[in-house]
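Mapping the sequence shown onto the UniProt record's numbering, position 230 (from 1) lands on 230, and the numbers just tick up by one.
Don't be surprised by glycine CBs; every beta carbon is placed ideally from N, CA and C.
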Amino acid sequence: MVSIRETHNLSAQVQPDSLGRFGRFGGKYVPETLMPALTELEAAYAQYRVDPSFQAELQQLLHDYVGRPTPLYFAERLTQHYQRPDGTGAQIYLKREDLNHTGAHKINNALAQVLLAKRMGKQRIIAETGAGQHGVATATVCARFGLQCIVYMGIHDMERQALNVFRMRLMGTEVRPVEAGTGTLKDATSEAIRDWVTNVESTHYILGSVAGPHPYPMMVRDFHAVIGTETRAQCQQKWGGLPDILLACVGGGSNAIGMFYEFVNEPTVRLIGVEAAGEGVSTAKHAATLTQGRIGVLHGAMSYLLQDEDGQVVEAHSISAGLDYPGVGPEHSYLKDIGRGEYYSVTDAQALDAFKNLAQLEGIIPALETAHAIAYLDILCPQLSGSPRIVINCSGRGDKDVQTVVKLGTVISDE
């Protein structure tokens, strides 16, 4: 079992400064009422991340309850799909986070944060969710530890992720509909923050991505870094070296940074994040924040955001509820600015094609979020020479998205 890495082993380049900033991104842009809670959380995280009993409990639960380590699977037929006539082509592997308990990487962070909340004496847990996977993970760990749980979710996302709403309620969680705005993740996050401001002394907010005010981007990243550390060890076991390319979808960016972090200081490893281009980045209906956004402040942190000419945050669009967010984690903005991370986008239609292709080539139905990363293979593979090894973070399974795809009607047909 791989444990969370210690700060002293990392380059200072990828640690936030004393103000919680990655370069010019991040920080704590929050009401004064929240500052004591963030200070308390920062102190608790600094204490327990190096506490042997905390680590022992977390590692035991990650192994026995979550099912880690997740496999690194060689996608043989997907690899053959992109093979050139001379037999060369990318060798494609999937990091199977979809095989985690609850079906996504989100459980890593939810479990670790609830252990932290217990030690902080918090008995009430709140969370926000878009695709529902973070909400389900939070509901799961709250049921496991007998904690009150309230999840905020946009009404539009509740409709397209009805299965996950049922799962949360089944486990005893109250799902509070958010009708404001477009009823998606941004609005749910705003409502969760309002709840936290009101109930800050009794409540811990399990933020689901590497977004929000410091220390959340650092802490959530660290709790997901197990993805990258396992990947490194598994690459060593399978071929005795590093991957050449890491590929992951990016909304807020938690699964991507969880995989990238281990390899940030490995210059031979390309880090590629794929955003949602929706109906196209030339239209008003996309969520390609790093591709089209400008710097601003949202939900307590400075990062790239989708904004109008007056600097107002505009609504994002994606067929994938988990990518339907107008901001992005500040560390991704930093990696983009220093040129360490590459960020591209694919459309809803391209993601739907990839959703079908992975199901038919590998018997794996990916989450629509993950399908965005897989779709980028169509663009990336023709650009590559030789037979580089690509690892894709298969961040979630697609059960939750089947009804969304069925409603579209035209995607899956007999051919």
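{"Asked": "Assumed close pair G228, E262 - CB separation to whole angstroms, cut-off 8 Å", "Found": "3 Å"}
{"Asked": "Span of the beta strand (DSSP E), counted from its first residue to its last, around M153", "Found": "Q148 to G154"}
{"Asked": "M35, buried or exposed, once every other Cβ within 10 Å from all chains shown has been counted against 16", "Found": "exposed"}
{"Asked": "7 Å Cβ shell around G212 - same chain, five flanking residues per side excluded", "Found": "H299, G300 and A301"}
{"Asked": "Start and end residues, alpha helix (DSSP H) containing R77", "Found": "E76 to H81"}
{"Asked": "Nonlocal neighbours in the same chain, by C-beta distance under 8 Å from S18, ignoring five residues either side", "Found": "none"}
{"Asked": "A90 beta carbon less than 7 Å from that of A248", "Found": "no"}
{"Asked": "Unbroken beta strand (DSSP E) run spanning M302, endpoints", "Found": "A301 to L305"}
{"Asked": "Every unbroken beta strand (DSSP E) inside the region 78–165 [3 residues or more]", "Found": "91–95, 124–129 and 148–154"}
{"Asked": "The region 375–394 contacting the region 324–339, beta-carbon criterion three pairs below 8 Å", "Found": "no"}
{"Asked": "Candidates Y65, Q113 and E159, of which the one nearest Y48 by Cα", "Found": "Q113"}
{"Asked": "Rounded straight-line distance, which links the Cα of L163 to that of D401", "Found": "9 Å"}
{"Asked": "Residue range of the unbroken beta strand (DSSP E) whose run includes P52", "Found": "Unbroken run through P52 is the alpha helix (DSSP H), P52 to L61; no beta strand (DSSP E)."}
{"Asked": "C-beta neighbour in chain C for A225, strict 7 Å", "Found": "Within the model displayed, chain C is absent; a lone protein chain is all it includes."}
{"Asked": "Pairwise C-alpha distance: P16 and R96", "Found": "29 Å"}
{"Asked": "Cutoff 8 Å; reference residue 421; Cβ partners in own chain excluding five residues on either side", "Found": "The question about residue 421 has no answer, for the chain in this structure spans 1 to 415."}
{"Asked": "For V30, the nearest candidate out of V151, V405 and V200 (CA to CA)", "Found": "V200"}
{"Asked": "Proximity to M153 [Cα-Cα], best of R124, L335, L111 and G322", "Found": "G322"}
{"Asked": "Distance, Y325 Cα to G386 Cα", "Found": "36 Å"}
{"Asked": "Cβ shell of G293 (< 6 Å), same chain only, five flanking positions each side left out", "Found": "Y304, L305 and L306"}
{"Asked": "Entirely enclosed beta strand (DSSP E) segments - the region 307–355, minimum 3 residues", "Found": "341–347"}
{"Asked": "Length of the line joining the Cα atoms of G87 and F355", "Found": "25 Å"}
{"Asked": "Distance between S53 and V405 (C-alpha atoms, nearest Å)", "Found": "44 Å"}
{"Asked": "Enclosing beta strand (DSSP E) for G273 [first to last residue]", "Found": "R270 to G278"}
{"Asked": "Unbroken beta strand (DSSP E) run spanning R294, endpoints", "Found": "R294 to L298"}
{"Asked": "Where A393 falls: helix, strand or coil (DSSP)", "Found": "Reading off the sequence shown, one finds Asn at residue 393, where the question assumed Ala. Correct three-state label for N393: strand."}
{"Asked": "Buried versus exposed call for I295 [16 or more other C-beta atoms within 10 Å across all chains shown]", "Found": "exposed"}
{"Asked": "V226 - containing alpha helix (DSSP H), residue span", "Found": "V226 to W239"}
{"Asked": "Residue environment, H63, which counts as buried when at least 16 other CB atoms sit within 10 Å", "Found": "exposed"}
{"Asked": "Of the listed residues P69, L246 and Q350, nearest to A277 (C-alpha basis)", "Found": "Q350"}
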